[in-house]
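Since the structure comes first, as C-alpha cells, the remarks are kept for the end.
There are 2 protein chains.
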Amino acid sequence: MNSSVEKLALLRSALHQNSIDLYIIPSSDPHLGEYIPDHWQIIKWLTGFTGSAATVIISDTFAGLWTDSRYFIQAEKQLSGSGFEFVKPGLFQRYDFMDFISENVKSGSKIGIDGRIFSLAGFRRMEKRLEGKMVSIDTQCDLISSIWDDRPPLPFSYAFDHPVEFSGKERSVKINEVRELMGKQNADFHLLTSNDDIMWLLNIRGNDLKYSPLLLSFALIGMEQILLFIDEAKIPIKLASEFDKLGIVILPYDEISGILSSVTEGHSVLFNPQSTSVGLFKSISKNSRTVDDISIPARLKSIKNKTEIRNIANTMIRDGVALTKFFHWFNSYHGKEPKTESSLSDKLFELRSQQKDFLGSSFATITAFNENSALPHYTPDGGSGAEIGERGLLLVDSGGQYMGGTTDITRTIPVGIPSAQQKKDFTLILKGHINLALAKFPNGTRGYQLDFIARRAMWGSGLNYAHGTGHGVGYCLNVHEGPQSISPADNKTVIEAGMLTSNEPAIYREGEYGIRIENLIICYEDEETEFGQFLRFDTVSLCYIEKSLIDKSILDQKEIEWLNAYHSEVYDKLSPHLTSEEKTWLKEKTEPL
Amino acid sequence: MNSSVEKLALLRSALHQNSIDLYIIPSSDPHLGEYIPDHWQIIKWLTGFTGSAATVIISDTFAGLWTDSRYFIQAEKQLSGSGFEFVKPGLFQRYDFMDFISENVKSGSKIGIDGRIFSLAGFRRMEKRLEGKMVSIDTQCDLISSIWDDRPPLPFSYAFDHPVEFSGKERSVKINEVRELMGKQNADFHLLTSNDDIMWLLNIRGNDLKYSPLLLSFALIGMEQILLFIDEAKIPIKLASEFDKLGIVILPYDEISGILSSVTEGHSVLFNPQSTSVGLFKSISKNSRTVDDISIPARLKSIKNKTEIRNIANTMIRDGVALTKFFHWFNSYHGKEPKTESSLSDKLFELRSQQKDFLGSSFATITAFNENSALPHYTPDGGSGAEIGERGLLLVDSGGQYMGGTTDITRTIPVGIPSAQQKKDFTLILKGHINLALAKFPNGTRGYQLDFIARRAMWGSGLNYAHGTGHGVGYCLNVHEGPQSISPADNKTVIEAGMLTSNEPAIYREGEYGIRIENLIICYEDEETEFGQFLRFDTVSLCYIEKSLIDKSILDQKEIEWLNAYHSEVYDKLSPHLTSEEKTWLKEKTEPL
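Chain order of the listed sequences is A and B.
Throughout the first sequence, residue numbering follows the numbering used here, covering 1 to 593 in sequence.
Throughout the second sequence, residue numbering follows the numbering used here, covering 1001 to 1593 in sequence.
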C-alpha cells in the first residue's frame, strides 16, 4: 500500500488528467447515513484520519481536511506527515470547507465531486455559495476507484426476517400506510435511500454495517410495485418469495440510477434531499415533478407501536442486567487486577452477548477514565486505552442492538472517593435529567422547548454542555434516528406519543473529567383537559444511578422521590435475573436516598 | 356615506372595468406596521369590521373576510348584513385566504392587489401557492381611491427632537454605525420602510399614529446621503437644518418609488421583505443586487443602550406611580360609585397623563371584567363596556409612551373574595412569571428555549395559554417590537444583554375569567465562567402583585423570596411619589408573604 503522500500525488495527477481544479471528498456513502462500510472510507484510506466526519479538499497546491471539534486533537496527530493539512477554525470562528472554496476558487474553475456520495442538500448549499462565481461543478467525478487498488469490496450479509412479534406490524400493512400518505402528498413514487427506512418498511435486517443491523439498499415505492435495489444473493429464498407476493421486485443494487430515470418519466417523486445524493437526483427524469420532504418511513418509524414499546421494556431489562453485572464485576475486582478502558469495553460486550436476542453493539462503547471522559465522543486512540487508576471518574456510554429494540445508556461512577465538585456537578446533571424525565407538556410541543429544563440547574451555576440533550433512537435500527431531538437547535419536529428519545445532560471539565447520565425516555399520552392533550415521558432504561456521587442537599423533594421510585423499579425488574451476590449489591445501590 | 352593500356593488363594477376576477385587500398600509392611519383603514370603511388584522377577498360571486381568533365573535357581529361573509375556520383546521384562493381561482384568472400595501414576503408566498395555476397578478390595482370619496387624508403632525439625554446616542453616531454594518453586508443602499426604524435612526418622534410616536416616512440610506421621504412641512426648520448638516435630504413622501428606481441602478440594496411592499420592491432597479434581511436599525435598536436603560428605570417609576394610584383609587371607591370598564380606562389614562414626559398610551387599554378578561385582546365593543360587579376578577393591561421609554404592564385583581380555582390559577401563572424572571442562561440562547419555564407549572396542572410569553418592546416606539420573542415559535433571534421583553404568562377560562401577570424584563450580563458568558433578566416594571390571589402553599422558597424582594423594591421606589394614604395602602399590599 502506498503512503498518504504517494496517494496524494496519484490523485493530483488524476486531477490534471480530468482538468479538475478542486476535488472535494466527503466522509459519506451513497446512503448518506451515520455508519459507512470500509469500501467508502475514502478519507481514512487516503489520509489516515479515522474520525467519522470529515471533508477533504485537494487542488494542485493545497490538500486539507476539515472535521468537527470532537476530532481536533486526533486530526492533528493522524495527519502529521500525511501531506494533508488539518484546517482548524478559531475558537469562535466558523470556517468550514465551503468558506475555503468560496474564498479560493477562481473564475472559470472546475470543481469535481463524486455525486453518488454528495447529498443533494449539500450540493444545493454549495451552488448557492458559489452563485455568480463562474465556476462549474462536475458531479460525475470519481477519481478514487482507479487509484485505490486494494479497495475493500462492498459488505455482504444475509437478510433476515424481523417478524411481527418484534415489528408489531406486517410489512403489507406498513406498505399500505406509506402508499396512503404518498397519495396525500400527490407522489406517484417514493424514493428511499436510507437503509434503515427500507429495513423498517420490509421488516428485514442484516449485518452489512458494524453498529446498525442494516443492508445496503435503495427502494422505489410505486402504487403497485416496490423496486428493491439490493445484491440479490443477500435475500434468502423464503424472504424472496414473500416479497414476490407483495409485488416487491428485487433488482441489482447498481441499477438504481438507470431504472430511476426511466420509471419516473412524467410522474411525481417524493424524496428527502438530505439523504438523497445529487447523483441519484440527477437520475430522476427531468419530466417528473419532485416533492422534497423527510421520508414517510422516517416519520412513521419514529412513533413506536404497542408491540415495539412492549419489546423495548423487555429489552431494557436484558440490557440493564448486563450493565448491572458489569458494574458489579468492576466493583468487585477493581484494584485486584489491572484494568484498561478497552478491557472494560470487552467485558461489557461479553455480558451483553449473553442476553437473549442480542445482535451487537449499537455504537462504539465509550469507556473513559478521568480526563478522557471530558471528551464527549472519546474512543481509545488505538491500543487498549488508559489504565483505570485508583481515584477518579469512570464514564461508560454503551448500547446494544436487540431484535426487540436498540439501547443507549450512560452511567458515570466514582473510583475511590469523589471530590465535592464532582458531587456537585453530578447532582446538577441529575437534577436536569430528572426534570426532563418529569416534564409534562401539551401536544404540539417541539423538542427545543424542552431542552432548557435539562440545563436549568447547571445554567444556574454557570455550567453547560455543548451538545443536545436528546436524540431520537431507532428500534433495532440506528441508535441515532430522526426526526425528533431535544436540543437548542430549531428542529421543528413535534414530540409525539410513541417517540423514543435519549435524555443525556452532561458536564465536561477539560483535562479533568466528564460526567453524563443517560436514559432513554418514551413519550406517552397523559391527561386531556380543556387546554388540550398533555404528554409525559416514561423512562425505560434500567440501571442504578450512583448515589455516592449525589449531594442530596441540592435535590428537592420531587427529585428525590423520582430517584427513589426509579431505583425501586430498577431493583424490582432486574433482581430476578441476578445472582444472589449481585442482588445484594444492587439492593444497596438502589436503597432510597 | 354609502352602506357596505353599496360600496361592495361599486367595487364589483370597478372589478369589471379593470377585468379583475379576484381582488384582495389586506389590513395594512405602505409601512406594514401594527398601527395604521384612518386613511388606510380600507376594510373598516368597506365592511364595518374594526379588528386590527383581516383580509378581504372580493369576486363577482363572493365577498368574504378572514381574521384571527381574537376577533371571531366581533367579526360575526359586525359583518352581519354587510354583504361580506365571515370565513371562520374549523377549530383545528387552518383555512386562510390563500387556501380559498388556491382552491377557487380558475386558470387564466387575473388577481388584483394594491402592491403599495402588500408585503413582498406575503406576495412571494402567494406566488408560490399559485405556481402552475396560470394566474396573473396585477400589483398596481388600486380600486379603492376612486370610490372612497370621503376618505380621510394622511395624518399630519410635527416632528420633534428625541434628544441625546433620552436617546443616549447622537443621530450622527447611529448613522455611522448603520453604514459600517451596511458595508459588512456589501449594501450600497439600505431601504427603511418601518416608521420606527427611521425615528430611531434620526432621533425624532411625531404623532401621526395613535399609539406609537411615529411619522409616516421612508428612508434610503446611502454611504454619503440619506434620502428621507416625508411631508416636508412636518419637519421644523431647526431639525431640517440639523438634517442638512448630516447629509439628510428631505424629499416628498410620494416620490419614494420614482427615486428608488433611478438611485439604485447598478447598486446593491438591503431591505426587509417582511416590511417592504411588493410595490416598492418593484421600484428597485432591475440592475441592482438585493440583500434580504431584517433592517440594521431593527437589530441595533433592540439592544437598549445605558442611557436608555437608565431612563427606562425612571419611566417605570412614573408608570408604576400612576398604576398604584389607579388601583388605590379603585380599591377606595369601588362599590361606592358605579364603574364601567371604560371609565376605569379613562381614569388610568388621566393618572398616566399627570406623569412627566408622558406622550400617550402605547396601545388600547384592556380593562376587562370576568368573562371579558378571558379574551386576551378584549376591547369594549363600542359603548362603555361591562359594569364592574360585586365579585370577580378584573384584568388591566395598559401601557404608556414616555420620552424615556415605552411601558406595557398587566395586573389582575380580585373584586370580592376570589375562588380557590382562581387562586390556584393565579399562583401557577405567578410561578411561571417568577421562574422566567429568575432564569439564567448562556450567551446564544434563543427565546424559544426560555418559553417553557414560564409554562412549566401550568402544564404540570394541564393548563396552557395560546399566545407567546414575551414580545420585544420599543423605546418610545412601538410597544410590540422585534426581532426577539419568548415563545414556542421558532424565532432564531438570540436573547442579548440590553433587550427589553415582556414576561406575561396567562390563563383564559372561556366564559369565566382570564388572568395575566405582565412585567417587562431587561436582559443583562451575569457571570462569565469557563462555560461562557451567562445572562439574566432584571424586572423593570413596578407595581404590586395582588397577594390575596396567591395560594402560598404552591410557591417554593425561592419564588416567595423573589416576590418579597420585588415587593420591597416596588414600595421603596414608588412610595416617595405617593400620598400618605396611598403609601399606607401600598405598604400593606407589599408586606412580605
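In this text, a Cβ means the ideal position worked out from N, Cα and C, and glycines have one as well.
To which residues of the same chain is N311 (chain A) closer than 7 Å at the C-beta, ignoring the five residues directly before and after it? Here the question's residue 311 (chain A) lines up with position 311 in the first sequence. F166, G404 and G405.
Which stretch, first to last residue, makes up the beta strand (DSSP E) that contains D1397 (chain B)? On the second sequence, residue 1397 (chain B) is found 397 positions in, with the first residue counted as 1. Here the beta strand (DSSP E) through D1397 (chain B) covers G1392 to S1398.
Within 8 Å, strictly: CB atoms of G1470 (chain B) and D1196 (chain B): Counting from one through the second sequence, the residue named residue 1470 (chain B) turns up at place 470. Counting from one through the second sequence, the residue named residue 1196 (chain B) turns up at place 196. No. Outside cutoff.
Find the residues of chain B that neighbour I453 (chain A), judging by a C-beta separation of less than 9 Å, and give them in chain order. Along the first sequence, read from residue 1 onward, the residue named residue 453 (chain A) stands at position 453. By Cβ distance, chain B contributes F1452, I1453 and R1456.
Are the CB atoms of L1477 (chain B) and S1212 (chain B) nearer to each other than 8 Å? Taking the second sequence and counting its residues from 1, the one referred to as residue 1477 (chain B) is at position 477. Taking the second sequence and counting its residues from 1, the one referred to as residue 1212 (chain B) is at position 212. Against a cut-off of 8 Å, the Cβ pair of S1212 (chain B) and L1477 (chain B) comes out as a contact.
Between the segment 523-537 of chain A and chain B, which residues of the former have a C-beta closer than 9 Å to a C-beta of the latter? D526, E527, E528, T529, E530, F531, G532 and F534
Residues in the segment 345-356 of chain A having any Cβ partner in chain B nearer than 9 Å: none
State whether the segment 1486-1499 of chain B contacts the segment 1296-1312 of chain B, with contact taken as three or more CB pairs (one from each stretch) at a distance under 8 Å. yes
Tell me, to the nearest whole angstrom, how far the beta carbon of V1540 (chain B) is from that of I1517 (chain B); I am working on the premise that it is less than 8 Å. Counted from its first residue, the second sequence places residue 1540 (chain B) at position 540. Counted from its first residue, the second sequence places residue 1517 (chain B) at position 517. Incorrect: roughly 15 Å between the Cβ atoms, too far for contact.
Using beta carbons (cut-off 8 Å, strictly below), is D150 (chain A) in contact with chain B? Residue numbering aside, residue 150 (chain A) sits at position 150 when the first sequence is read from its first letter. By this cut-off, D150 (chain A) is not an interface position.
Amino acids of chain A, ordered along the chain, whose beta-carbon sits closer than 8 Å to that of L1463 (chain B): As a first step, residue 1463 (chain B) must be located in the second sequence, where it is residue number 463. Going along chain A in sequence order, the residues near L1463 (chain B) (Cβ under 8 Å) are T529 and F531.
Of the choices A:E510, A:L436, A:I57 and A:E85, whose alpha-carbon is the least far from that of I113 (chain A)? Looking up residue 113 (chain A) in the first sequence gives position 113. Comparing Cα positions, the closest option is A:I57.
For the segment 1255-1269 of chain B, enumerate the residues whose C-beta is nearer than 9 Å to any C-beta of chain A, in chain order. none
What are the residues of the segment 1165-1180 of chain B that lie near chain A, defined by any Cβ-Cβ distance shorter than 9 Å? none
Using a C-beta cutoff of 8 Å, does K1077 (chain B) count as contacting chain A? In the second sequence, the residue the question calls residue 1077 (chain B) occupies position 77. It does not; no Cβ of chain A falls within 8 Å.
Which residues in the same chain have their Cβ closer than 7 Å to the Cβ of D357 (chain A), if we skip the five residues on either side of it in sequence? Translated into the one-based positions of the first sequence, residue 357 (chain A) becomes position 357. Closer than 7 Å at Cβ, skipping near neighbours: Y402, M403 and G404.
Along chain A, which residues have their Cβ under 9 Å away from the Cβ of R1446 (chain B)? Residue numbering aside, residue 1446 (chain B) sits at position 446 when the second sequence is read from its first letter. Y448, P488 and D490, listed in chain order.
From which residue to which residue does the beta strand (DSSP E) around Y1524 (chain B) run? Numbered from 1 along the second sequence, position 524 holds the residue referred to as residue 1524 (chain B). Residues N1519 to T1529.
Candidates A:F123, A:M223, A:L586 and A:G206: which alpha carbon is nearest K184 (chain A)'s? Taking the first sequence and counting its residues from 1, one reaches residue 184 (chain A) at position 184. Checked all of A:F123, A:M223, A:L586 and A:G206; the closest Cα to K184 (chain A) is A:M223.
Mind checking which residues open and close the beta strand (DSSP E) that includes K128 (chain A)? One-based indexing of the first sequence puts residue 128 (chain A) at position 128. It is not in any beta strand (DSSP E) - K128 (chain A) instead sits in the alpha helix (DSSP H) that spans L120 to R129.
Starting from Q1355 (chain B) and walking both ways along the beta strand (DSSP E), at which residues does that stretch end? Against the second sequence, residue 1355 (chain B) aligns to sequence position 355. Looking at the DSSP string, Q1355 (chain B) is not in any beta strand (DSSP E), and its letter there is neither H nor E.
Would you say K1440 (chain B) faces chain A, with C-beta separation under 8 Å as the test? By one-based count along the second sequence, residue 1440 (chain B) stands at place 440. Closer than 8 Å to some Cβ of chain A, the Cβ of K1440 (chain B) qualifies, so yes.
Beta strand (DSSP E) segment containing S1502 (chain B), residue limits: For the purposes of this step, residue 1502 (chain B) is taken as the residue at position 502 of the second sequence. Its beta strand (DSSP E) spans residues L1500 to N1503.
Can you grab the Cα-Cα spacing for the pair Y1530 (chain B) / A457 (chain A), in whole Å? Here residue 1530 (chain B) refers to the residue found at position 530 when the second sequence is read from its first residue. Here residue 457 (chain A) refers to the residue found at position 457 when the first sequence is read from its first residue. Note that residue 1530 (chain B) is Glu in the sequence shown, not Tyr. Approximately 16 Å between the Cα atoms of the pair.
Could you check whether D1099 (chain B) and F1156 (chain B) sit closer than 8 Å to each other, using their CB atoms as the reference points? Walking along the second sequence from the start, residue 1156 (chain B) turns up at place 156. Walking along the second sequence from the start, residue 1099 (chain B) turns up at place 99. For F1156 (chain B) and D1099 (chain B), no; Cβs fall outside 8 Å.
Apply the 10 Å Cβ neighbour rule to R1012 (chain B) and answer buried if 16 or more other Cβ atoms are within range, or exposed otherwise. On the second sequence, position 12 is the one that residue 1012 (chain B) refers to. Buried is the call here.
Going by Cα to Cα distance, which pick from A:E177, A:D29 and A:L191 is closest to S288 (chain A)? Taking the first residue of the first sequence as position 1, residue 288 (chain A) is located at position 288. Considering only alpha carbons, the answer is A:L191.
Might you give, ordered along the chain, the residues of its own chain that have their beta carbon closer than 6 Å to the beta carbon of I137 (chain A), omitting 5 neighbours on each side? Working through the first sequence from its first residue, we reach residue 137 (chain A) at position 137. For I137 (chain A), where only same-chain residues beyond five positions count, the Cβ hits under 6 Å are I111.
Could you check whether V1479 (chain B) and D1408 (chain B) sit closer than 8 Å to each other, using their CB atoms as the reference points? Counting from one through the second sequence, the residue named residue 1408 (chain B) turns up at place 408. Counting from one through the second sequence, the residue named residue 1479 (chain B) turns up at place 479. Yes, they are a contact pair.
Roughly how many angstroms separate the alpha carbons of G1064 (chain B) and S1580 (chain B), rounded to a whole number? Indexing the second sequence from 1 puts residue 1064 (chain B) at position 64. Indexing the second sequence from 1 puts residue 1580 (chain B) at position 580. Answer to the nearest angstrom: the Cα atoms are 57 Å apart.
When the Cβ atoms of the segment 1500-1511 of chain B are set against those of the segment 1429-1446 of chain B, are three or more pairs found closer than 8 Å? yes
Assigned secondary structure, V105 (chain A) (DSSP; H/G/I helix, E/B strand, else coil): Mapped onto the first sequence, residue 105 (chain A) falls at position 105. If DSSP states are grouped into helix, strand and coil, V105 (chain A) belongs with coil.
Would E341 (chain A) pass as a contact of T367 (chain A) if the rule is Cβ separation under 8 Å? For this step, residue 341 (chain A) is matched to residue 341 along the first sequence. For this step, residue 367 (chain A) is matched to residue 367 along the first sequence. Closer than 8 Å, so yes.
Between which two residues does the beta strand (DSSP E) carrying R536 (chain A) extend? Residue 536 (chain A) sits at position 536 when you count from the first residue of the first sequence. From DSSP, the beta strand (DSSP E) with R536 (chain A) extends over G532 to T539.
Spatial distance of S1107 (chain B) from G1132 (chain B) (CA atoms): Mapped onto the second sequence, residue 1107 (chain B) falls at position 107. Mapped onto the second sequence, residue 1132 (chain B) falls at position 132. So the alpha carbons of these two residues sit roughly 9 Å apart.
Closer than 8 Å at the beta carbon, the chain A residues around G967 (chain B): Look at the range of chain B in this structure, 1001 to 1593, and you will see that residue 967 (chain B) is not part of it.
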